[in-house]
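S.K.: Position 219 (the sequence shown) corresponds to 627 in our numbering; numbering is contiguous. Cβ coordinates follow ideal geometry from the N, Cα and C atoms, glycine included. There's a structure below that I have some questions on.
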Amino acid sequence: MEEKKLDLNSIIGFILIFGILVYMMYMNQPTPEELAEQERAKQEQVEAEKKANKQEETLVTSAVDYSAATISDSLQLIALNNKLGAFAYSSTLPSATDKETLVENDLLALKFSNKGGYLSEVRLKSFVDYDSIPIYLIKDGNAAFNISFNTTDNRNLNTQDLFFEPTISKNGENTVVSMKLKVSPTQFLEYRYELKPNDYMIDFSINSQGLSTVLNSSQEINLDWKLKTFRHDKSISYENRYTRLTYQYEGDKLDKLSPTSDDDEMIEDASWISYRQHFFSSILVADQPIKSVQLTSKNLVEDEEIDTVFTKQYASKFALNIHAGEINQPLKYYFGPTDHKTLKQYDIGLEDSIPFGWGIFGWINRYLFVPLFSMLSSFLPYGVAIVVMTILIKLLLSFVQYKQFLSQAKLKIIKPELDAIKEKYKDNKMKIQQETMALQTKVGASPLSGCLPALIQLPVFYALFQFFPSAFDLRQKSFLWADDLSSYDTVAELPFHIPFYGDHVSLFPILASIAIFFYMKMTTGQQMASQPTQEGMPDMQKMMKYMIYFSPIMMLFFFNNYASGLSLYYFISNVISIGIMIVIKNFILDEEKIHAKIQLNKKKPKKESRFQRKMAEMMEQAEKQKQAQKRK
């Protein structure tokens, strides 16, 4: 067989054919635009496949979710009906959320919570606290307002757990906020708030419509109002001392719960209840007296270094008025300053919630010091008004100081004669008292005549002690180095806390303590100089000597956290008293003339008063009994 061989021509042919094929492939390859178009087409195909798959999955999932939601809604509705009965309707409305409704006037910014329908926030727009933070009376859940009631199908419900439907409307210039807890579109419990322009008082009423068959009116429907009072002042202990629950009842009677400890009281026929936070108050006012109210106050400040947010916790609980199965309770709310002028304009005795003191002390403040200070501060800076008022008061009482000093001068002049009586009857104390009284009566110089002027000054002293811490006008008013005359003035911060003193140094109490030291040294020295000489120093004289030092120290500690306006008053008052004493002693009283007059009085027959005769008879009778006992 012949063997086939690959010749040269065949090899050349193969090469040419391969070259032609490569050339054809090169010439027919796609352009970059064609490649991009192919890639887009391919991507669109992939996306279309994914979308189709996703739509299929969504249809399946939606069908499952719809079925689950329907079952869940049905179960939830059944649970609400079982729990709330007729009031389940309110939870199915669009308003059944935790949203809040905001309204305001020139003075107040208010928020109303859909859940519970009550005021969830109250801000006083014109005021800030000691740290320049806006004053909030209600905020962040510090207040609770709840009505607990029973239904005819034996359910016990609380409005704080239920949803109200809010609506806002206008009544002339007034803004009306209606919060309705609905059983149906025509059956509801309504809280109606009416906010007037430029007014701290809010008209508030609780009414029901169409609920006579729903509410169990055979049982009490109780309202429970609670509030934890925020700290607003620099000194929490000072603020807490004047934070107190006050109430008016049985007409115009006024009373208070304890300012320092936990307290509670059941009262009848309450006209208003004031949750006072020192310079600000939240007051519930009844159009008609509330028959019976349970009041509670709890002190929240146990350690002023730790308990710095709240001062007191208040609570009031009473039954609402029911008529023909429906609730009808007209009320009012006051949220504003504890200011005498502001509260007095409502003419329902709210100004009595200010602690101006009881009896004559309150009378002096309301009818003398409040008008006087208001008049002076209308054209003078507040610190200067305090100084001027102090000067006027001291001038008014200067005749009292003159009488007191005159009595001491007379006793000082007759002191040698009193010493002679003591020496003469040293073995008979009763006789010493009789002769001493007789001599003092003749010359018109009795220790009581020096005490009585001092007693006359006490009501004024105590009234002013109550006035300055309660004077709203002094709040955040500066004078000299004091930033706030209603709080303490700080000239130095201490790196530690001193018990009963604080962690700062106030200058006005130091000045007042120095002034009272020199005043007491002058007056006590005068009194001791007028007393008869005795062997050793009696306990009374020792106590008077110690008081010269004890009183200033006590003032220094006690007033370090008090209102600087009060310390300013005591400083100016004692400086003026020292000046008056110096003038009386050196320019008014002449001891030689007084001595001559005393000698003249001795020669005149002195008519004894009924009291003096009675005292002399008692002393004589006691002396006779003593002598009779000695004979036995």
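Is the number of C-beta pairs between the stretch 730-748 and the stretch 604-624 that are closer than 8 angstroms three or more?
M.R.: yes
S.K.: In three-state terms, what does DSSP make of H396?
M.R.: For residue 396 there is no data in the structure shown, the boundaries of the chain being 409 and 1040.
S.K.: In terms of alpha-carbon separation, which member of K507, F557, D755, P917 lies closest to N624?
M.R.: By one-based count along the sequence shown, residue 624 stands at place 216. Of the candidates K507, F557, D755, P917, the one whose C-alpha sits nearest the C-alpha of N624 is F557.
S.K.: Would you report the Cα separation of S981 and A923, rounded to the nearest angstrom?
M.R.: Here the question's residue 981 lines up with position 573 in the sequence shown. Here the question's residue 923 lines up with position 515 in the sequence shown. Going from the Cα of S981 to the Cα of A923 covers about 9 angstroms.
S.K.: Could you tell me the distance, in whole angstroms, from the CA atom of L653 to the CA atom of S592?
M.R.: Locating residue 653 in the sequence shown gives position 245, where the first residue counts as 1. Locating residue 592 in the sequence shown gives position 184, where the first residue counts as 1. One C-alpha to the other measures close to 39 angstroms.
S.K.: Out of curiosity, what's the CA-to-CA distance linking T1053 and A678?
M.R.: Because the chain spans 409 through 1040 in this model, residue 1053 falls outside it and cannot be assessed.
S.K.: Pull up the distance between the alpha-carbon of E901 and that of V709, whole angstroms please.
M.R.: Counting from one through the sequence shown, the residue named residue 901 turns up at place 493. Counting from one through the sequence shown, the residue named residue 709 turns up at place 301. Using only the alpha carbons, I get a separation of about 22 angstroms.
S.K.: Helix, strand or coil: how does DSSP classify Q753 here?
M.R.: As a working mapping, residue 753 is identified with position 345 in the sequence shown. In the structure shown, Q753 sits in coil (DSSP, three-state: anything other than H, G, I, E or B).
S.K.: Cα-Cα, which of S785, E602, K720, R563 is closest to N582?
M.R.: In the sequence shown, the residue the question calls residue 582 occupies position 174. When only C-alpha atoms are compared, the closest one is E602.
S.K.: Can Q809 and S985 be called in contact, C-beta distance under 9 angstroms?
M.R.: Residue numbering aside, residue 809 sits at position 401 when the sequence shown is read from its first letter. Residue numbering aside, residue 985 sits at position 577 when the sequence shown is read from its first letter. Against a cut-off of 9 angstroms, the Cβ pair of S985 and Q809 comes out as a contact.
S.K.: If you draw a straight line from the C-alpha of M989 to the C-alpha of K929, how long is it?
M.R.: Taking the first residue of the sequence shown as 1, we reach residue 989 at position 581. Taking the first residue of the sequence shown as 1, we reach residue 929 at position 521. Going by the C-alpha atoms only, they are around 12 angstroms apart.
S.K.: Quick one: give me the first and last residue of the alpha helix (DSSP H) that Y742 is part of.
M.R.: Taking the first residue of the sequence shown as position 1, residue 742 is located at position 334. It is not in any alpha helix (DSSP H) - Y742 instead sits in the beta strand (DSSP E) that spans 734-745.
S.K.: May I ask which residues mark the beginning and end of the beta strand (DSSP E) holding P779?
M.R.: Counting from 1 along the sequence shown, the entry for residue 779 is found at position 371. It is not in any beta strand (DSSP E) - P779 instead sits in the alpha helix (DSSP H) that spans 778-785.
S.K.: Is the beta carbon of N606 closer than 9 angstroms to that of L515?
M.R.: Residue numbering aside, residue 515 sits at position 107 when the sequence shown is read from its first letter. Residue numbering aside, residue 606 sits at position 198 when the sequence shown is read from its first letter. Against a cut-off of 9 angstroms, the Cβ pair of N606 and L515 comes out as a contact.
S.K.: Enumerate in chain order the residues of its own chain whose CB-to-CB distance from V584 is below 6 angstroms, with the five nearest sequence positions on each side excluded.
M.R.: Taking the sequence shown and counting its residues from 1, the one referred to as residue 584 is at position 176. Answer for V584: S577, E602, listed in chain order.
S.K.: Could you spell out the range, first to last residue, of the beta strand (DSSP E) harbouring K661?
M.R.: Against the sequence shown, residue 661 aligns to sequence position 253. It spans 661-664 - the beta strand (DSSP E) in which K661 sits, taken as one unbroken run.
S.K.: Which class does T559 belong to by DSSP, given the choice of helix, strand or coil?
M.R.: The residue you call residue 559 lines up with position 151 of the sequence shown. Three-state result, T559: strand.
S.K.: Checking 9 angstroms against the spacing of the C-beta atoms, do L631 and I555 come in under that value?
M.R.: If you number the sequence shown from 1, residue 631 lands on position 223. If you number the sequence shown from 1, residue 555 lands on position 147. Yes. Within cutoff.
S.K.: Just mark R736 as buried or exposed, buried being the case when its beta carbon has 16 or more other beta carbons within 10 Å.
M.R.: Reading the sequence shown from its first residue, position 328 is the one you call residue 736. The sequence as given places Asn at residue 736; Arg does not occur at that position. So N736 ends up on the exposed side.
S.K.: Have a look at F764 and L784 and give me their C-alpha separation to the nearest angstrom.
M.R.: Here the question's residue 764 lines up with position 356 in the sequence shown. Here the question's residue 784 lines up with position 376 in the sequence shown. Rounded to the nearest angstrom, the two C-alpha atoms are 19 angstroms apart.
S.K.: Which residues share a DSSP beta bridge with Q721?
M.R.: Your numbering for residue 721 matches position 313 in the sequence shown. Per DSSP, K636, K706.
S.K.: Applying the 10 Å Cβ sphere with the 16-neighbour rule, what's the burial state of E759?
M.R.: Position 351 of the sequence shown holds residue 759. Looking at its Cβ environment, which holds 16 or more other Cβ atoms inside 10 Å, E759 is buried.
S.K.: Does the Cβ-Cβ distance between A494 and Q595 come in under 9 angstroms?
M.R.: Numbered from 1 along the sequence shown, position 86 holds the residue referred to as residue 494. Numbered from 1 along the sequence shown, position 187 holds the residue referred to as residue 595. Taking 9 angstroms as the Cβ cut-off, A494 and Q595 qualify as a contacting pair.
S.K.: Give me whichever residues DSSP pairs with V511 in a beta bridge.
M.R.: For this step, residue 511 is matched to residue 103 along the sequence shown. Note: V511 sits in a beta bridge opposite L518.
S.K.: Tell me where the alpha helix (DSSP H) around V983 begins and ends.
M.R.: Mapped onto the sequence shown, residue 983 falls at position 575. Run containing V983: 972-991, per the alpha helix (DSSP H) assignment.
S.K.: Just to confirm, is the Cβ distance from D671 to T704 under 9 angstroms?
M.R.: Working through the sequence shown from its first residue, we reach residue 671 at position 263. Working through the sequence shown from its first residue, we reach residue 704 at position 296. Contact: yes.
S.K.: Expressed to the nearest angstrom, what Euclidean distance is found between the alpha-carbon atoms of F873 and D569?
M.R.: Looking up residue 873 in the sequence shown gives position 465. Looking up residue 569 in the sequence shown gives position 161. Going from the Cα of F873 to the Cα of D569 covers about 46 angstroms.
S.K.: Are the C-beta of S690 and some C-beta of chain D separated by less than 9 angstroms?
M.R.: Checking the listed chains, one finds no chain D in this structure; it contains a single protein chain.
S.K.: Which word fits G910, buried or exposed, when buried means at least 16 other C-beta atoms lie within 10 angstroms of its C-beta?
M.R.: Mapped onto the sequence shown, residue 910 falls at position 502. The residue in question, G910, is buried, as its Cβ has 16 or more Cβ neighbours within 10 Å.
S.K.: On the criterion of 16 or more Cβ atoms from any shown chain inside 10 Å, does Y954 qualify as buried, or is it exposed?
M.R.: In the sequence shown, the residue the question calls residue 954 occupies position 546. With fewer than 16 neighbouring CB atoms inside 10 Å of its own CB, Y954 falls in the exposed class.
S.K.: Under 8 angstroms, with one C-beta from each stretch per pair, do the stretch 673-688 and the stretch 775-790 reach the 3-pair mark?
M.R.: Because the criterion of three Cβ pairs below 8 angstroms is not met, the stretch 673-688 and the stretch 775-790 do not touch.
S.K.: Considering only C-alpha positions, which residue in the set T559, H640, I756 is nearest to K626?
M.R.: One-based indexing of the sequence shown puts residue 626 at position 218. The question names Lys, but residue 626 in the sequence shown is Ser. For the residues T559, H640, I756, the minimum Cα distance to S626 belongs to T559.
S.K.: Can you find the residues in the same chain that come closer than 6 angstroms, C-beta to C-beta, to E734, ignoring five residues on each side of it along the sequence?
M.R.: Taking the first residue of the sequence shown as position 1, residue 734 is located at position 326. S616, S620.
S.K.: Is the Cβ-Cβ distance between D641 and S815 less than 9 angstroms?
M.R.: Locating residue 641 in the sequence shown gives position 233, counting from the first residue. Locating residue 815 in the sequence shown gives position 407, counting from the first residue. Cβ atoms of D641 and S815: not closer than 9 angstroms.
S.K.: For V905, does the three-state DSSP call read helix, strand or coil?
M.R.: In the sequence shown, counting from the first residue as 1, residue 905 sits at position 497. Before going further, note that residue 905 is His rather than Val in the sequence given. Three-state result, H905: strand.
S.K.: Among S534, V530, S498, whose alpha-carbon lies nearest the alpha-carbon of R883?
M.R.: As a first step, residue 883 must be located in the sequence shown, where it is residue number 475. With distances taken between Cα atoms, R883 lies closest to S534.
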